[in-house]
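These protein sequences, in sequence, are chains A and B.
Sequential numbering from 334 applies to the first sequence in our numbering.
Sequential numbering from 20 applies to the second sequence in our numbering.
All residues carry an ideal CB built from backbone N, CA and C; glycine is no exception.
All of these numbers come straight from a predicted model, not from anything done at the bench.
Below is one structure; the comments refer to it alone.
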Amino acid sequence: MAEIIDIRHIAKIYEMGDEDVHALEDVTLTIKQNEYIAVMGPSGSGKSTLMNMLGCLDTPTSGTYLFKGENVSEMSDDDLAEIRNREIGFVFQTFNLLPRATSLHNVELPLVYSGIRSKERIARAEEALRQVGLSDRMDHKPNELSGGQRQRVAIARALVTHPSIILADEPTGNLDTKTGQDIMALFMDLWHAGNTVILVTHEEEVAQHANRIVRLRDGRIESDTVNEFTNSVP
Amino acid sequence: MKITEIGESVRIALSALRINLLRSVLTTSGVVVGVVLVVVMGWTIKGLDSVWERTIGIIGRDMLYIDKWNWSGGHNWKKLESRKDITLKQALLLAERMESADLTVPLARKWGGTVNYGSKQVLCGVQGTTHEYGTTPAGAASEGRWFNSIEDARAADVVVIGYGIARTLFPDGGSIGKILKVHGFPFRIIGVVEKRGFLFMDFIDNQVFIPLSSFQKAYGFFDRSFSVAIKAGSEQLLNIVRDEAVGHMREIRNVPPGREDDFSVNEMEAFDQQVSTIRTVIWIVGIGLTVLAFIVGSIGIMNIMFVSVTERTREIGIRKAIGARKRSILLQFLVESSTLCVIGALIAMPISQVIVAAARSILIGPLEQDWVSVVSPFIQIDLLLIAVGVSIVVGLLAGLIPARRASALDPVDALRFE
Numbered sequence: 334m335a336e337i338i339d340i341r342h343i344a345k346i347y348e349m350g351d352e353d354v355h356a357l358e359d360v361t362l363t364i365k366q367n368e369y370i371a372v373m374g375p376s377g378s379g380k381s382t383l384m385n386m387l388g389c390l391d392t393p394t395s396g397t398y399l400f401k402g403e404n405v406s407e408m409s410d411d412d413l414a415e416i417r418n419r420e421i422g423f424v425f426q427t428f429n430l431l432p433r434a435t436s437l438h439n440v441e442l443p444l445v446y447s448g449i450r451s452k453e454r455i456a457r458a459e460e461a462l463r464q465v466g467l468s469d470r471m472d473h474k475p476n477e478l479s480g481g482q483r484q485r486v487a488i489a490r491a492l493v494t495h496p497s498i499i500l501a502d503e504p505t506g507n508l509d510t511k512t513g514q515d516i517m518a519l520f521m522d523l524w525h526a527g528n529t530v531i532l533v534t535h536e537e538e539v540a541q542h543a544n545r546i547v548r549l550r551d552g553r554i555e556s557d558t559v560n561e562f563t564n565s566v567p
Numbered sequence: 020m021k022i023t024e025i026g027e028s029v030r031i032a033l034s035a036l037r038i039n040l041l042r043s044v045l046t047t048s049g050v051v052v053g054v055v056l057v058v059v060m061g062w063t064i065k066g067l068d069s070v071w072e073r074t075i076g077i078i079g080r081d082m083l084y085i086d087k088w089n090w091s092g093g094h095n096w097k098k099l100e101s102r103k104d105i106t107l108k109q110a111l112l113l114a115e116r117m118e119s120a121d122l123t124v125p126l127a128r129k130w131g132g133t134v135n136y137g138s139k140q141v142l143c144g145v146q147g148t149t150h151e152y153g154t155t156p157a158g159a160a161s162e163g164r165w166f167n168s169i170e171d172a173r174a175a176d177v178v179v180i181g182y183g184i185a186r187t188l189f190p191d192g193g194s195i196g197k198i199l200k201v202h203g204f205p206f207r208i209i210g211v212v213e214k215r216g217f218l219f220m221d222f223i224d225n226q227v228f229i230p231l232s233s234f235q236k237a238y239g240f241f242d243r244s245f246s247v248a249i250k251a252g253s254e255q256l257l258n259i260v261r262d263e264a265v266g267h268m269r270e271i272r273n274v275p276p277g278r279e280d281d282f283s284v285n286e287m288e289a290f291d292q293q294v295s296t297i298r299t300v301i302w303i304v305g306i307g308l309t310v311l312a313f314i315v316g317s318i319g320i321m322n323i324m325f326v327s328v329t330e331r332t333r334e335i336g337i338r339k340a341i342g343a344r345k346r347s348i349l350l351q352f353l354v355e356s357s358t359l360c361v362i363g364a365l366i367a368m369p370i371s372q373v374i375v376a377a378a379r380s381i382l383i384g385p386l387e388q389d390w391v392s393v394v395s396p397f398i399q400i401d402l403l404l405i406a407v408g409v410s411i412v413v414g415l416l417a418g419l420i421p422a423r424r425a426s427a428l429d430p431v432d433a434l435r436f437e
């Protein structure tokens, strides 16, 4: 399988007053197409920083990040925005939907920034919502939806651009157990359908869905193992 | 910048404004005042122009007046004073020699003459002229008639009064046939000249006209400078006619070659300058007030845009995460601020229309300035377009700094914002 992400010796250092905080140190990681990776670690382990890095929301202080062979670490803000738009689908813990927009419009939004015409946008957004089982909630606004439904809208938004990776940050963190399981089942379906999924979580149970688990501690990779217990392999 | 983003920006802007409708409307008040000022000022200038065009149209742009005095300002008064008077003989000679003009009519003027009707007395200009002057637009009678060649020749005691005089002395009409005393001599009113002047041109309507021969009886021709009214026939002929008149006059008054004319050729253009001075004053005052209003307005807009950017920091983070570039965010907030201003312009339009219509009817009604009736009671479309254009520019300028701040937000920080 082709490599999508190739991170070599990256470090991220934040300046907090006079002190330098090493959020990530010497992290090297490759991710291939159609992997299902869980990034685990306690809070403060650097998970969020790594996720921001992988999602091209932030650039490393040192080291290189090749995304499909392109050097992301030296890109401008606008080039990063384009990579995010084209290649990455984000799913956040707090859903991060636009509160005043309908489900359909929320899902359409990434395509607006890709410059796709309204007609095609709507068709693709409808298709993505169908995929997550929300055909009947297209005209609802986020506050008219349950937590699980909101997260499905967010997943549809992540899928609509057919990204190379889906990056989910604690996607079940704000959901009850049952709804969380439904969402995890949806990620499983997406993986089986050929998508590459990166899941950031601190819950062991959630991480067990993935076929590879990367554990972080104090900004370094502690372990990177294939998860043999994963319930189903594509 | 993708074309699809413009539609999205407008959509966001409108929905954001809808949510904060009251706040948005209040914010635009400065812009509303600015737009009202622009529109009312534009309407005033256009009104002035149309009144002026009408006045000129009645008097005729093809009229020349040969005179000792120059009508437009900026001349050395002493020097004009020292010119020799134009005698009746010279005026008649010019009238006889002119070939290219439609009409050449000698005139005698008495400024500040007195006319009495019963116990009422007014100060006004008294003009002595011939029956031919009645055939020029300047002598068009709205009531009665001009004096004829027989009355001219016989020095008949007949008078044609200007519109203003008729209004003052005979507010209820019925002036024809009444006896008016001009310089103490009784004259019978036979006609009223139609309304021509406005503002500083009011003096045109405050004149009375009597035959030249009768003028001599009343005032005498001694120590008096005559002028000659020449009607060229059309504006195109003005140059030819002017050249001919100047040539004859120089010859008649024995001006040696190389010496400058010892008389002036006055045209309606002299008044154009005064009109343009009024225009300029309106512009300067209007622009000053407008700029002030727009500065105040744009500070309000800028302030509310900063609030809007802060309130929507998280939304900006989401948009950036899913691929909005700096320019996209910039555009979004610029569209929002200029939409605010356009809303201000839209609010300003009915207000301006009401002001304009009210001003017009107050001038015509209680203030009896009926020359205003030629001014349109409606705001012109081009003024509305200018107003919208100006308000868009103001919106873009006012929104620039907040929009730049929004576009420069770091997506990670923005997403974390509570």
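C-alpha distance - residue i paired with residue j, whole-angstrom precision
| i | j | result |
| --- | --- | --- |
| G448 (chain A) | S28 (chain B) | 13 Å |
| S406 (chain A) | V50 (chain B) | 46 Å |
| I398 (chain B) | G414 (chain B) | 23 Å |
| I314 (chain B) | S91 (chain B) | 39 Å |
| G163 (chain B) | G193 (chain B) | 10 Å |
| F425 (chain A) | H342 (chain A) | 26 Å |
| I340 (chain A) | F400 (chain A) | 8 Å |
| L349 (chain B) | A422 (chain B) | 5 Å |
| I335 (chain B) | T510 (chain A) | 31 Å |
| M517 (chain A) | T505 (chain A) | 8 Å |
| R490 (chain A) | E368 (chain A) | 20 Å |
| D121 (chain B) | A172 (chain B) | 21 Å |
| D401 (chain B) | L99 (chain B) | 45 Å |
| L549 (chain A) | A340 (chain B) | 24 Å |
Short CB-CB distance (under 8 Å) between residue i and chain C
| i | result |
| --- | --- |
| L357 (chain A) | No chain C is part of this structure, whose protein chains are labelled A and B. |
Chain A residues whose Cβ lies nearer than 8 Å to that of residue i
| i | result |
| --- | --- |
| V431 (chain B) | N385, L390 and D391 |
| I439 (chain B) | Since the displayed chain B opens at 20 and closes at 437, residue 439 (chain B) lies outside it and no answer follows. |
Residue i: contacting residues in chain A (beta-carbon distance under 7 Å)
| i | result |
| --- | --- |
| I337 (chain B) | N429 and L431 |
| E330 (chain B) | The contacting residues do not exist; E330 (chain B) stays about 11 Å from chain A at best. |
| E27 (chain B) | V445 |
| E334 (chain B) | L431 |
| S327 (chain B) | Result: empty, since nearest Cβ-Cβ is about 13 Å, beyond 7 Å. |
Cut-off 7 Å between Cβ atoms - residues of its own chain near residue i, not counting five sequence neighbours on either side
| i | result |
| --- | --- |
| E358 (chain A) | A344, G552 and R553 |
| R379 (chain B) | V391, V394 and P396 |
| I420 (chain B) | M321 |
| D351 (chain A) | none |
Residue environment, residue i, which counts as buried when at least 16 other CB atoms sit within 10 Å
| i | result |
| --- | --- |
| R435 (chain B) | exposed |
| G239 (chain B) | exposed |
| H267 (chain B) | buried |
| G210 (chain B) | buried |
| K380 (chain A) | buried |
| W71 (chain B) | buried |
| V360 (chain A) | buried |
| N285 (chain B) | buried |
| E355 (chain B) | buried |
Cutoff 6 Å; reference residue i; Cβ partners in own chain excluding five residues on either side
| i | result |
| --- | --- |
| D472 (chain A) | T435 |
| V566 (chain A) | Because the pLDDT of V566 (chain A) is 49, which lies under 50, any placement of that residue in the model is unreliable, and the number read from its coordinates should be weighed accordingly. Cβ neighbours of V566 (chain A) beyond the five flanking positions: none. |
| N528 (chain A) | I499 |
| G316 (chain B) | G49, V50 and G53 |
| N385 (chain A) | D391 |
| G61 (chain B) | L402 |
Under 9 Å by beta carbon: chain A residues contacting residue i
| i | result |
| --- | --- |
| T46 (chain B) | Going along chain A, no residue has its Cβ under 9 Å from T46 (chain B), so there is no contact; the nearest lies around 19 Å. |
| K345 (chain B) | D410, D411 and A414 |
| S43 (chain B) | Simply none; closest approach about 15 Å. |
| I38 (chain B) | R433 |
Contacts that residue i makes with chain B (C-beta to C-beta distance below 9 Å)
| i | result |
| --- | --- |
| R470 (chain A) | Result: empty, since nearest Cβ-Cβ is about 19 Å, beyond 9 Å. |
Proximal residues to residue i (C-beta, below 8 Å), its chain only, five neighbours per side dropped
| i | result |
| --- | --- |
| V569 (chain A) | With chain A covering only 334 through 567, there is no way to say anything about residue 569 (chain A). |
| N111 (chain B) | One detail in the question is off: residue 111 (chain B) reads as Leu in this sequence, not Asn. So the list reads P125, once near-sequence residues are dropped. |
| L532 (chain A) | Y369, I370, A371, V372, A501, P504, F520, V539, A540, H542 and A543 |
| Q140 (chain B) | T133 and V134 |
| V44 (chain B) | I362 and I366 |
| E263 (chain B) | M117, E118, S119 and A120 |
beta-carbon residue i near the ligand MG non-hydrogen atom, thresh 7 Å
| i | result |
| --- | --- |
| N135 (chain B) | Absence of the ligand MG is noted for the structure shown, with no ligands found whatsoever. |
Partners in chain B for residue i, counting only beta-carbon separations shorter than 7 Å
| i | result |
| --- | --- |
| R450 (chain A) | T23 |
Got a sec: which bits of the stretch 407-440 of chain A sit with their beta carbon under 7 Å from any beta carbon on chain B, in order along the chain? Along the stretch 407-440 of chain A, the positions whose C-beta sits under 7 Å from a C-beta of chain B are D410, D411, A414, E415, R417, N418, F423, N429, L431 and R433, read in chain order.
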